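Written out below as structure tokens is the structure these notes cover.
In the working numbering, the protein residues as written are 286 to 464.
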């Protein structure tokens with residue numbers, strides 16, 4: 286049985302009173318340590334060093350207290366830029382994005398360029414096959430005219446595929462010389 290002390294009587298604009306639950310008072314929680322917070326973020330998904338620095342800075346921690354913790358996490362193998370980049374590349378490739386777009390996104394997120402290039406070159410992802418699968422899923426049949434072909438070309442470029450890959454994919458569709 287609920288106690289009546291938990292209810293507050295609130296008057297409506299019509300003058301009728303209706304009971305409403307009282308909000309429990311929130312006690313301030315102690316600030317978590319940088320290490321605990323970083324491990325919590327890393328437990329959810331892989332993060333790059335720059336991304337983790339940014340997230341911890343948003344929570345009020347300074348760079349001087351975050352950098353040593355991240356160094357220790359990297360030494361322990363809990364924070365890995367290569368693992369983060371590989372996970373990101375795999376995730377975006379599965380969604381139909383090409384290497385140029387993925388590279389630009391990782392640059393924007395502060396990932397190290399040599400690590401990104403190494404993962405993109407060595408990931409073994411057949412970019413032409415990926416582009417072909419995305420093209421088949423997104424477009425039905427060959428384009429009817431040059432305007433439609435150009436529209437498809439632009440769309441695939443925005444997805445991050447280079448010109449050689451696009452030429453191969455569009456020519457394999459059987460529309461290379463037919464249009």
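For glycine and all other residues, C-beta sits at the position ideal for the given N, C-alpha and C.
Bear in mind that the values here come from a model prediction, so they are computed numbers and not experimental data.
When you compare only the Cα positions, how much space is there between residue i and residue j?
{"i": "residue 415", "j": "residue 381", "result": "7 Å"}
{"i": "residue 347", "j": "residue 447", "result": "40 Å"}
{"i": "residue 461", "j": "residue 379", "result": "Because the pLDDT of residue 461 is 46, which lies under 50, any placement of that residue in the model is unreliable, and the number read from its coordinates should be weighed accordingly. Cα to Cα, residue 461 sits roughly 27 Å from residue 379."}
{"i": "residue 351", "j": "residue 325", "result": "14 Å"}
{"i": "residue 453", "j": "residue 371", "result": "26 Å"}
{"i": "residue 438", "j": "residue 397", "result": "30 Å"}
{"i": "residue 330", "j": "residue 430", "result": "45 Å"}
{"i": "residue 412", "j": "residue 359", "result": "31 Å"}
{"i": "residue 313", "j": "residue 407", "result": "Reliability of the predicted coordinates at residue 313 is poor, the pLDDT of 49 falling under 50, and the value obtained from them is presented with this limitation in mind. Each residue's alpha carbon lies about 48 Å from the other."}
{"i": "residue 417", "j": "residue 394", "result": "28 Å"}
{"i": "residue 421", "j": "residue 369", "result": "30 Å"}
Decide if residue i is buried, meaning its Cβ has at least 16 other Cβ atoms within 10 Å, or exposed.
{"i": "residue 357", "result": "exposed"}
{"i": "residue 384", "result": "buried"}
{"i": "residue 450", "result": "buried"}
{"i": "residue 321", "result": "exposed"}
{"i": "residue 332", "result": "buried"}
{"i": "residue 323", "result": "buried"}
{"i": "residue 375", "result": "exposed"}
DSSP three-state label for residue i, please.
{"i": "residue 463", "result": "Unreliable positioning characterises residue 463 in this predicted model, as indicated by a pLDDT of 44, which lies under 50. A coordinate reading is not provided."}
{"i": "residue 380", "result": "coil"}
{"i": "residue 346", "result": "coil"}
{"i": "residue 426", "result": "coil"}
{"i": "residue 313", "result": "In this prediction, residue 313 has a pLDDT of 49, which is less than 50 and means its spatial position is unreliable; what the coordinates show is noted afterwards. Coil."}
{"i": "residue 390", "result": "helix"}
{"i": "residue 440", "result": "helix"}
{"i": "residue 333", "result": "coil"}
{"i": "residue 367", "result": "helix"}
Since I believe residue j is in contact with residue i (beta carbons under 8 Å), could you give me their beta-carbon distance rounded to a whole number of angstroms?
{"i": "residue 364", "j": "residue 327", "result": "7 Å"}
Answer with yes or no whether the minimum CB distance from residue i to chain E is below 7 Å.
{"i": "residue 341", "result": "Absent from the structure: chain E. Only one protein chain is present."}
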